[in-house]
Structures are given as structure tokens and as C-alpha cells.
Amino acid sequence: QKEVEQDPGPLSVPEGAIVSLNCTYSNSAFQYFMWYRQYSRKGPELLMYTYSSGNKEDGRFTAQVDKSSKYISLFIRDSQPSDSATYLCAMNYNYQLIWGAGTKLIIKP
Amino acid sequence: SAVISQKPSRDICQRGTSLTIQCQVDSQVTMMFWYRQQPGQSLTLIATANQGSEATYESGFVIDKFPISRPNLTFSTLTVSNMSPEDSSIYLCSAADSSYEQYFGPGTRLTVT
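As you go down the protein sequences, you meet chains G and C in turn. For the first sequence, the numbering used here gives the first residue as 174, with consecutive numbering after it. For the second sequence, the numbering used here gives the first residue as 376, with consecutive numbering after it.
What follows is the structure in C-alpha cells.
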């Protein structure tokens, strides 16, 4: 069993829809939970991070962490074609990040 | 956030040769990392580049194959030695000042023929 599980998709939704991306994990020692966005042929870009359980909002993006269930989510409201990318979750272990497989998201105009 | 540049952005190399990839950060950072990413796959950590000391390699990666230098707090190099087609991949450099915020370069796309 991998430490971090993430469905690779692809996930295809129409423009304007609410998108839900998720990861599960097994190590209860993780403290910070990150979401990265990666466009094709680019490096990953840090979108948001959350410390411990709770929600964090930034514009159209909301990150949610449920440590009791070992489950994290990223919600994208009013999705746009420009949101089409691969979204990777990551969790910290000391100074290293443990990565999910990445979910390929396609927003159809 | 740190801005990271990498050179070269891409290269096509013959098997048996070596390629050195450079990573430059626009500010001093505590940690620098090197990753490999196959197209459509997640990131695999190769090593942590330590300033002034030997890099720390992950399981499956060795110094003879992937020598790393970090002469100061803003620069690091990764060499891919004695290349084979299996080394064809995207190589990414990242930098961090905390245990959770890593910032990435644009990557180097390597093809070995």
C-alpha cells in the first residue's frame, strides 16, 4: 500500500462545474498537506497548503483536511478551461514531500 | 516564493555520455532537491543536495550515477552519468526554506538515444 493514494483520472468536467480532487494517506505523522498544479511541460506550482485539520480558502480554491479519516480534498469552484492541468497532493515528512500520483483534470468549454 | 531556473531546458544525448543540469535559485535557500518525473507520472526524489557536504540519496539512486554538487545556497548541479535510454525523463530541481513549501524549476527534458 502506498503512503499516499490519489486517483490518476483523467477527470473531465464541463466549464463552471465544481471540481473535487482527493487523496488518502496512511501516515498519521504528516502535518502539512499541499496541493500542486502542474501544466504540461512545466514544473509543479504550489497552489495551497494546510496545516493539520480544517479548511483553507483562496479565491476559487478550497483545501480541506480531515486527519481523523486521513483524507484531503481540493475543491475548485466555477472551473475554467485554464484549470486543466494535473493536480498533485503532497504531504511533508521532515523536509521531504511524499507525493500522490497526480490527477489529470480536463475542463471542457 | 523562490524563482528557480534550470539549464538546459531539454537535451538529446547519446548513450554512454553524461549530462550536467544546472539549477539556480534567485535567493538563498536551506534545502534543494532533485527529482525525476516520467511523463504522466508523479515525482520521484533522487536526492537532497546539502550545501558544503555530500548529497543524501534515496533508495535506488547512487552517487556514481547521479553526482550532485551544491557549492552555495543558491546553486546546485545534477549530473546523469553513463546514460542509457532508461534515463530518459524529466529532471526537476526544487528549493525550500521550510519543511513543506517547495518551489520547482521548469524541468529538464532528457532523451537518451
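The beta-carbon is built from N, C-alpha and C at its ideal position, and this holds for glycine as well.
Self-check item: Pairwise C-alpha distance: residue 417 of chain C and residue 202 of chain G
Solution: Residue 202 of chain G and residue 417 of chain C: Cα-Cα distance of roughly 22 Å.
Quiz item: Where residue 192 of chain G and residue 248 of chain G are concerned, what is the direct C-alpha to C-alpha distance, given to the nearest angstrom?
Solution: Taking the straight line from one Cα to the other gives about 5 Å.
Self-check item: Cβ-based burial, residue 216 of chain G [other Cβ within 10 Å; buried from 16]
Solution: The C-beta of residue 216 of chain G has 16 or more other C-beta atoms within 10 Å across all chains shown, which makes the residue buried.
Quiz item: Whose CA, out of G:184, G:267, G:224, lies closest to the CA of residue 423 of chain C?
Solution: For residue 423 of chain C, the nearest C-alpha among the options comes from G:267.
Quiz item: Just reading off the beta strand (DSSP E) that residue 411 of chain C is part of, what are its end residues?
Solution: Annotation: the continuous beta strand (DSSP E) that includes residue 411 of chain C extends over 406-412.
Practice problem: May I ask you to list the residues that DSSP assigns as paired with residue 207 of chain G? | Solution: Paired residue(s): G:222, G:263.
Quiz item: The beta strand (DSSP E) with residue 187 of chain G in it runs from where to where?
Solution: Per DSSP, the unbroken beta strand (DSSP E) holding residue 187 of chain G starts and ends at 184-187.
Self-check item: Identity of the residues DSSP links to residue 487 of chain C by a beta bridge
Solution: Paired residues: C:388.
Quiz item: Any residues in the region 250-272 of chain G with a beta carbon nearer than 7 Å to a beta carbon of chain C? Which ones, in chain order?
Solution: Contacts with chain C (Cβ-Cβ distance below 7 Å) from the region 250-272 of chain G involve 261, 265, 267, 268, 269, 270, 272, listed in chain order.
Quiz item: Does the count of Cβ pairs from the region 220-239 of chain G and the region 268-282 of chain G closer than 8 Å reach three?
Solution: They do not touch, by the three-pair rule.
Quiz item: Whose CA, out of C:388, C:392, C:408, lies closest to the CA of residue 379 of chain C?
Solution: Of the candidates C:388, C:392, C:408, C:408 places its Cα closest to the Cα of residue 379 of chain C.
Quiz item: In or out: residue 389 of chain C buried (at least 16 other Cβ within 10 Å) or exposed?
Solution: Taking all protein chains shown into account, residue 389 of chain C has fewer than 16 neighbouring C-beta atoms within 10 Å of its C-beta and is therefore exposed.
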